[in-house]
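Remarks on the structure that follows.
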Amino acid sequence: MRAKLVALTLGLVLVGCETNTTGPNSSFYGCAMGDATQMSAGQVLSLGGAGGVCLADAGGAGDYVIVPFMATTPASDTVAGAKTAVDILAGGIGASSGGLPDRAPLAPGGPPLFDLSGQPFARQPDEAFDVALRRREIRDLTGKIHPAGPGGGSGMRTMATSPSAVPSVGDLVSYNTAAACSSSAEDIRTGRVRAVSQYAIIVEDTTDPAPGLSQSDVNYFAATMDTLVYPVDTGAFGTPSDIDSNGGRTIIFFTSSVNERTPANSQYYIGGFFWAGDLFPHQSTSRLSACPGSNEAEIFYALAPDPNGVINGNVFNVDFVRRVTVSTLGHEFQHLINASRRLFVNNANVFEDVWLNEGLSHIAEELLFYAAAHLQPGLNLTLDTLRSSDAIRVPANEFVVNDLSRYISFLERPDTASVMGIDNLAMRGAIWSFLRYAADRSGSATFFYDLDNSTTAGVANLRNVIGSDPLQWMRDWAVSIYADDAVPGVDPVYTQPSWNFRSVLPALTNDSTFPLRVHALSAGSTLSFDLLPGGTAFSSFSLDAGHRGVIDLSTDAAARKSLRGSLIRIR
Amino acid sequence: MNMSNSRRMHGRATPLAAVLGLAALGLPAALAAQACVGSMAPAHGAAVYATGGYFHYRFSQDIQGAQYGAGAAIDFPGPATLEVEGVTRQPASGATVFAGSAKALIGVHVPMVASLCLTAGAGATYLHDASSLTSNTTLAAPIGLRFGTGIPLGLARLEPYLEPYVLLATTTGTVFDVQTSGAAVGGGADAGLTLRTGPLAAGIVLRVASIGTSIGPSPGGDRAVLVRLGITF
Numbered sequence: 035m036r037a038k039l040v041a042l043t044l045g046l047v048l049v050g051c052e053t054n055t056t057g058p059n060s061s062f063y064g065c066a067m068g069d070a071t072q073m074s075a076g077q078v079l080s081l082g083g084a085g086g087v088c089l090a091d092a093g094g095a096g097d098y099v100i101v102p103f104m105a106t107t108p109a110s111d112t113v114a115g116a117k118t119a120v121d122i123l124a125g126g127i128g129a130s131s132g133g134l135p136d137r138a139p140l141a142p143g144g145p146p147l148f149d150l151s152g153q154p155f156a157r158q159p160d161e162a163f164d165v166a167l168r169r170r171e172i173r174d175l176t177g178k179i180h181p182a183g184p185g186g187g188s189g190m191r192t193m194a195t196s197p198s199a200v201p202s203v204g205d206l207v208s209y210n211t212a213a214a215c216s217s218s219a220e221d222i223r224t225g226r227v228r229a230v231s232q233y234a235i236i237v238e239d240t241t242d243p244a245p246g247l248s249q250s251d252v253n254y255f256a257a258t259m260d261t262l263v264y265p266v267d268t269g270a271f272g273t274p275s276d277i278d279s280n281g282g283r284t285i286i287f288f289t290s291s292v293n294e295r296t297p298a299n300s301q302y303y304i305g306g307f308f309w310a311g312d313l314f315p316h317q318s319t320s321r322l323s324a325c326p327g328s329n330e331a332e333i334f335y336a337l338a339p340d341p342n343g344v345i346n347g348n349v350f351n352v353d354f355v356r357r358v359t360v361s362t363l364g365h366e367f368q369h370l371i372n373a374s375r376r377l378f379v380n381n382a383n384v385f386e387d388v389w390l391n392e393g394l395s396h397i398a399e400e401l402l403f404y405a406a407a408h409l410q411p412g413l414n415l416t417l418d419t420l421r422s423s424d425a426i427r428v429p430a431n432e433f434v435v436n437d438l439s440r441y442i443s444f445l446e447r448p449d450t451a452s453v454m455g456i457d458n459l460a461m462r463g464a465i466w467s468f469l470r471y472a473a474d475r476s477g478s479a480t481f482f483y484d485l486d487n488s489t490t491a492g493v494a495n496l497r498n499v500i501g502s503d504p505l506q507w508m509r510d511w512a513v514s515i516y517a518d519d520a521v522p523g524v525d526p527v528y529t530q531p532s533w534n535f536r537s538v539l540p541a542l543t544n545d546s547t548f549p550l551r552v553h554a555l556s557a558g559s560t561l562s563f564d565l566l567p568g569g570t571a572f573s574s575f576s577l578d579a580g581h582r583g584v585i586d587l588s589t590d591a592a593a594r595k596s597l598r599g600s601l602i603r604i605r
Numbered sequence: 219m220n221m222s223n224s225r226r227m228h229g230r231a232t233p234l235a236a237v238l239g240l241a242a243l244g245l246p247a248a249l250a251a252q253a254c255v256g257s258m259a260p261a262h263g264a265a266v267y268a269t270g271g272y273f274h275y276r277f278s279q280d281i282q283g284a285q286y287g288a289g290a291a292i293d294f295p296g297p298a299t300l301e302v303e304g305v306t307r308q309p310a311s312g313a314t315v316f317a318g319s320a321k322a323l324i325g326v327h328v329p330m331v332a333s334l335c336l337t338a339g340a341g342a343t344y345l346h347d348a349s350s351l352t353s354n355t356t357l358a359a360p361i362g363l364r365f366g367t368g369i370p371l372g373l374a375r376l377e378p379y380l381e382p383y384v385l386l387a388t389t390t391g392t393v394f395d396v397q398t399s400g401a402a403v404g405g406g407a408d409a410g411l412t413l414r415t416g417p418l419a420a421g422i423v424l425r426v427a428s429i430g431t432s433i434g435p436s437p438g439g440d441r442a443v444l445v446r447l448g449i450t451f
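Protein chains in written order, with the working numbering: chain A, 35 to 605; chain B, 219 to 451.
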């Protein structure tokens, strides 16, 4: 009887036990009674997973920024619906006086307003078209790749069925500009060979609007390909295949087919493209299935000058084409190198994920800038440096200002964007910045080469090249977004050695401020974010002298392990 | 992003069914008066005592330290016993925790059970910390059963006991200037040993309890050791 009573009573007690050990209450009560952490200016505290941090001032009032980072991998390049709710609740704090102001985006979804010369920014290339191509490559072409047999990957392959002659100037050649394998969708254009240089074959569509490219223009593109784009891109990423046996030359086809892809009255333009289907054979091989629409060549399609707006009313004078085409070539050449080396050199069975592929192409644009301006990474470039001479300012406007503009798009709303996964301007800016950060941090001269010469894709590729968890590097990079050139004394892993964005980016905005969106955190208020995989956010607050404060970072139970918060004492 | 101007912190209440289960014990009809063991007060007497020891709270960080205070116990004919006790706790932050409790024990005799007491109490904890703008009160009501026995040792009497209980608690106040409120149900158990000899009484209590972390510090603590030394009347 006694034993039964004891057992029953203990059972009731156990049923009644509550074991909730997380949540703001736990952090708040714990901080009110427990130990508090004191941080020095420049110190970064890792908040592993969800939980609270209890702070006390150390030698006076302090300003802080908390940076949650969602360290999850997107399931695909379209991660809509994969957002995770993250809440920040604070007590005992005040509004930050030393952090960035809580500001609204400058121009929602739009580009920066000025270039580095202070001139109104020209309309931007339509990257949705480029993305659609990359997605179609993955969707339509990956299934055509078969694992390489024994002996595969020993070097460049030449297709037996490919023409091997190098054309001569004046020859007429025909290419399918449809960028599709289906023969029924062919869009055959005839072009005249205008120049054959060491690494380029310049072809002009015979149907391009008058007056077309001058010989000076042709020579410029050929020379720029030979002396800038080819050495920069191949030096960073490797040599492309030569499936058409034309001596390693890349065909640059200036065709009105590209112009036709830009709709009338568009604020954007399509500056050219590369399509990996052109690397596939007409007849199936043991490695690749047939792609009848392929040109079986390393070929780019470039924007034709149209000074009178004959096509869709879009005016592209020759100066505009000269200015944007070289950057486009550098961008697309990386795509070509990436795809061709995967198919013919490295025997990969997958294409690179779109987000990483685009990030590498934006790195290619940045590398063109360094080469053209006779600079190199690691110089912490400021606005004064970029404006110091035409020799720097002009290539900056031509090659890197687009990268900067995309980074601004990310900084304006980091809590709704991601460094990986879904493709948009913000993601491109973020992945460009992250790859630059990671390359600088790794110190490896072959960082980008290693990423291009891989048999894996996306996060797995990054993990192999970095040699550790890339999501942790992304978390560190997220801290660097705020800390670099703003917080003295931070650990070098939280810096971006190549760019002083605090100096450069305000010049591109209409209010001349650093465009990072920082939310003000106040006591008793909950800041809620829906973070994408790879998403981050910034919230600032202060702590008065003699006070203690508590910050509670929370998310749902399933995401706790993936939430990596950072707390920066900025001063 | 959503922002609320203020946020009340609510605890997660466990269903009251666990507590109401006590009513389903179905105690035998033939209950007789039975002295409760373990009290510092002797039968039909009283005691006052000083107490001190260790406490522990399990929040986002472990809060522990020393506690000290005083108490009194009166054993009424009936038998019924009333115990009151107050302690102060000094956690690491410098905050002050005052905890007071009162408990009534009604002894009953159950066949085959040497000593069984129904226990019901009420306690309050007041947490105050100026540096964190914290002022918070937690009320708790333990309801349990005390099993024990008395062992004569010459002129002395040794009384070991075990007291499992269900704990109901509510919180209200502000923590870090954030308004808090909440309720929770938990449970715990005291294991105690009381020694009375002549006018002196001594006791030790080991306590394990769980009320969750969504309410403020409970009067008893999550783990505690209390040593009591007193005189009897």
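All residues carry an ideal CB built from backbone N, CA and C; glycine is no exception.
Remember, predicted model here, so these are calculated numbers, not experimental data.
Proximity of residue i and residue j at Cβ, strictly below 7 angstroms
i	j	result
A/I286	A/A214	no
B/R307	B/Q285	yes
A/G501	A/I127	no
A/S328	A/R223	no
A/A512	A/V87	no
A/V78	A/Y528	yes
A/S275	A/S374	yes
A/E392	A/R462	yes
A/S576	A/H553	no
B/A338	B/S436	no
B/G362	B/E381	yes
Pairwise C-alpha distance: residue j and residue i
i	j	result
B/L345	A/G94	26 angstroms
A/N608	A/A116	Outside the displayed range of chain A (35 to 605) lies residue 608 of chain A, so it cannot be described from this structure.
A/L445	B/P360	54 angstroms
B/V305	B/T269	8 angstroms
B/L444	A/V493	56 angstroms
B/A242	B/A291	Confidence at B/A242 is low in this model, with a pLDDT of 35, below 50, so the placement of that residue is unreliable and no value is reported for it.
A/A545	A/E366	In the sequence under discussion, the amino acid at residue 545 of chain A is Asp, which differs from the Ala named in the question. Those two C-alpha atoms are separated by around 33 angstroms.
A/N495	B/S349	49 angstroms
A/W533	A/N381	36 angstroms
A/N210	A/A219	9 angstroms
A/Q530	A/L409	16 angstroms
7 angstroms Cβ shell around residue i - same chain, five flanking residues per side excluded
i	result
B/D440	H274, Y275, R276, A427 and S428
B/G256	R364, G366, E377, Y379, G410 and T412
B/P309	I281, G283 and V315
A/A229	V203, I236, V252, N253 and A256
A/G580	D91
B/A460	Since the first and last residues shown for chain B are 219 and 451, residue 460 of chain B lies out of range.
Paired residues, beta bridge with residue i - DSSP
i	result
A/I122	A/L561 and A/L587
A/V266	According to DSSP, A/V266 bridges with nothing at all.
A/I465	According to DSSP, which records beta bridges pairwise, A/I465 is partnered with nothing at all.
B/K321	B/E301 and B/G339
B/P360	B/L385
A/N210	A/I222
Chain E within 7 angstroms of residue i, Cβ atoms only
i	result
A/D69	Among the protein chains of the structure shown, namely A and B, there is no chain E.
Contacts around residue i, its chain only, beta-carbon distance under 6 angstroms, and the 5 residues preceding and following it disregarded
i	result
A/D260	S231, Q232 and Y233
A/T547	P540
B/A420	L413 and L447
A/V344	P243
B/Y272	V443
A/D121	T560, S562 and S588
A/D518	T529 and Q530
Cutoff 8 angstroms; reference residue i; Cβ partners in own chain excluding five residues on either side
i	result
A/A405	L262, P265 and V266
A/I371	D267, T268, F271, G272, T273, P274 and D486
A/F307	F163, D164, L167, A213, V292, F334, Y335 and E366
A/T55	Only weak support exists for where A/T55 lies, its pLDDT of 39 falling under 50; the value from the coordinates is given anyway. No residues qualify anywhere along the chain.
Problem set entry | Ranges of the beta strand (DSSP E) found wholly within the stretch 297 to 355 of chain A, counting only runs of at least 3 | 306 to 308 and 333 to 336
Problem set entry | Whole runs of the alpha helix (DSSP H) within the stretch 496 to 554 of chain A, excluding any shorter than 4 residues | The stretch 496 to 554 of chain A contains these whole alpha helix (DSSP H) runs: 504 to 517 and 535 to 538.
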